[in-house]
Amino acid sequence: MNLKSFIKKFSLVALSSSLLFGSSLTVTEKTEAAQQTGKIVVAGSSALLPLTQQAAKEFKKANPKVAISVSGTSSIVGPQSVSKGSATIGACDWDATKPVPGFSAFQGLNAYPIAVIPFATIVHKDNPVKNLTTKQLQDIFAGKIKNWKEVGGKDEPIIVVNRAHGSGTRVNYQLKALKGSSFMTQGENYKEVSSNGNMIKAVETTPNAIGYTDLAYIKGNIKAVSYNGVEATVTNVMNGKYPVWGYGYLLTKGPATGANKAFIDFIQSKKFQQGSLKKLKFIPITAMKK
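Position in the sequence shown counted from 1, then plus 119, gives you my numbering.
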């Protein structure tokens, strides 16, 4: 074999080895990327619960060595649990690092926006009322309008179902739908529930009830009514016609690290934002102008 042939053969062997090594490195990198370990405990918002549960399912599939649990009751539980150390991630329907009406800012937490949440007024599907104005809603939830016939419905008493204090859905609904107007707090036809799941149960089993929730929960025996003539839809939120929405956040004690950071990054990723998040009737965080 002459020198020229030897050099050519050696170059081909070297190139093949390089490609093989590169391929092995890629496989190794992918394997390592899938080997997140640690423990994630998510607590807080029930409005975000369908999203965090789905994200946990997908994240766990890709990261089987991560122990992850998700629960949802009310937004205030999110920052409280993280501050106390009983959860590693708090889900909240407002940025709890900043004050909102009724709640002071939580110190030492970092907030990460993960979704835009559309909220809607809900009634039983057999209720003939299809639209309510801001003023009508203010008067209904204040206990001034007490019968459905006053807003174009049947001659039946209105049962007001409200979320308990500490609910992020309540904070957003009061600010956006009621323009800050006060809720009634007691009465024969008034009740409070502790989560969005309980809100749905109350309204779907009470034909004369009215309440509110996020779009992800609206199905079965409940329906959303229009707000000032505008339907509660993802499209109407995105085009600026429907104003009853807010950002959902995940909170950690200090900057997120390890598996918790990986989980938040996963939810904020284009794949999840444009996939499962949209299917659940949430809106990607990049779709809205703040």
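Note that CB positions come from ideal geometry on N, CA and C, so glycine has one too. From a predicted model like this one, the values you see are computed outputs, not experimental measurements.
| Reference P374; option with closest CA among K184, Q305, A224, T216 | Counting from 1 along the sequence shown, the entry for residue 374 is found at position 255. Cα-wise, what sits closest to P374 is T216.
| request: Mind checking which residues open and close the alpha helix (DSSP H) that includes P198? | output: The count along the sequence shown starts at 1 and reaches residue 198 at position 79. Run containing P198: 196-203, per the alpha helix (DSSP H) assignment.
| query | W364 bridges to which residues according to DSSP? | reply | Here residue 364 refers to the residue found at position 245 when the sequence shown is read from its first residue. Per DSSP, P237.
| field | Close-in-space but distant-in-sequence residues of the same chain around T405 (CB under 8 Å, 5 per side omitted) | value | Counting from 1 along the sequence shown, the entry for residue 405 is found at position 286. Excluding residues within five positions, the ones whose Cβ falls inside 8 Å are Q392.
| Rounded separation between K295 and G365 - CA only | Within the sequence shown, residue 295 is the residue found at index 176, counting from 1. Within the sequence shown, residue 365 is the residue found at index 246, counting from 1. Cα to Cα, the separation comes out at about 9 Å.
| message | Distance check for N291 and V356, CA to CA, integer angstroms please. | response | As a working note, residue 356 is residue 237 in the sequence shown. As a working note, residue 291 is residue 172 in the sequence shown. When rounded, the distance between both Cα atoms is 14 Å.
| request: Taking only the alpha-carbon atoms, compute the straight-line gap between K408 and I159 and give it to the nearest angstrom. | output: For the purposes of this step, residue 408 is taken as the residue at position 289 of the sequence shown. For the purposes of this step, residue 159 is taken as the residue at position 40 of the sequence shown. The alpha-carbon atoms of K408 and I159 are separated by roughly 31 Å.
| task | Would you tell me roughly how many angstroms separate the C-alpha atoms of I187 and P362, rounded to the nearest one? | result | Within the sequence shown, numbered from 1, the residue matching residue 187 stands at position 68. Within the sequence shown, numbered from 1, the residue matching residue 362 stands at position 243. Each residue's alpha carbon lies about 34 Å from the other.
| query | Three-state secondary structure (DSSP) at S164? | reply | The sequence position of residue 164 within the sequence shown is 45, counting from 1. In this structure, S164 counts as coil in the three-state DSSP scheme.
| request: Tell me whether E275 is buried or exposed, calling it buried when 16 or more other Cβ atoms sit within 10 Å of its Cβ. | output: In the sequence shown, counting from the first residue as 1, residue 275 sits at position 156. Answer is exposed; the Cβ neighbour count stays below 16.
| field | Distance between V196 and V248 (C-alpha atoms, nearest Å) | value | Residue numbering aside, residue 248 sits at position 129 when the sequence shown is read from its first letter. Residue numbering aside, residue 196 sits at position 77 when the sequence shown is read from its first letter. V196 has its alpha-carbon roughly 34 Å from the corresponding atom of V248.
| query | In angstroms, rounded to a whole number, what distance separates the CA positions of N308 and K298? | reply | In the sequence shown, the residue the question calls residue 308 occupies position 189. In the sequence shown, the residue the question calls residue 298 occupies position 179. Near 23 Å, if we compare the C-alpha coordinates of K298 and N308.
| message | Buried or exposed, going by whether 16 or more other CB atoms sit within 10 Å of the CB of T171? | response | As a working mapping, residue 171 is identified with position 52 in the sequence shown. The Cβ neighbour count for T171, taken over all protein chains shown within 10 Å, is at least 16; the residue is labelled buried.
| said: With a threshold of 7 Å on Cβ separation, who are the neighbours of S420 within its own chain once the five nearest residues in sequence on each side are excluded? | reply: The chain is shown from 120 up to 409; residue 420 falls before or after that span and cannot be answered.
| field | G339 Cβ short of 7 Å to the ligand ZN heavy atom set | value | The ligand ZN is not among the ligands present in this structure, which contains no ligands whatsoever.
| In chain order, what residues of the same chain have a beta carbon less than 6 Å from the beta carbon of I386, not counting five sequence neighbours either side? | Counted from its first residue, the sequence shown places residue 386 at position 267. Same-chain partners within the cutoff: A174, I233.
| Should N246 and G272 be called a contact, given that it needs their Cβ atoms to be closer than 8 Å? | In the sequence shown, the residue the question calls residue 246 occupies position 127. In the sequence shown, the residue the question calls residue 272 occupies position 153. Contact: yes.
| message | Cutting at 7 Å between CB atoms, please list the residues of its own chain near S388, excluding the five before and the five after it. | response | The residue you call residue 388 lines up with position 269 of the sequence shown. Only residues of its own chain outside the window of five on either side were considered, and among them none has a CB closer than 7 Å to the CB of S388.
| field | Which listed residue (A162, K180, G163) has its alpha carbon closest to that of Q155 | value | If you number the sequence shown from 1, residue 155 lands on position 36. The shortest CA-to-CA distance from Q155 to any of A162, K180, G163 is the one to K180.
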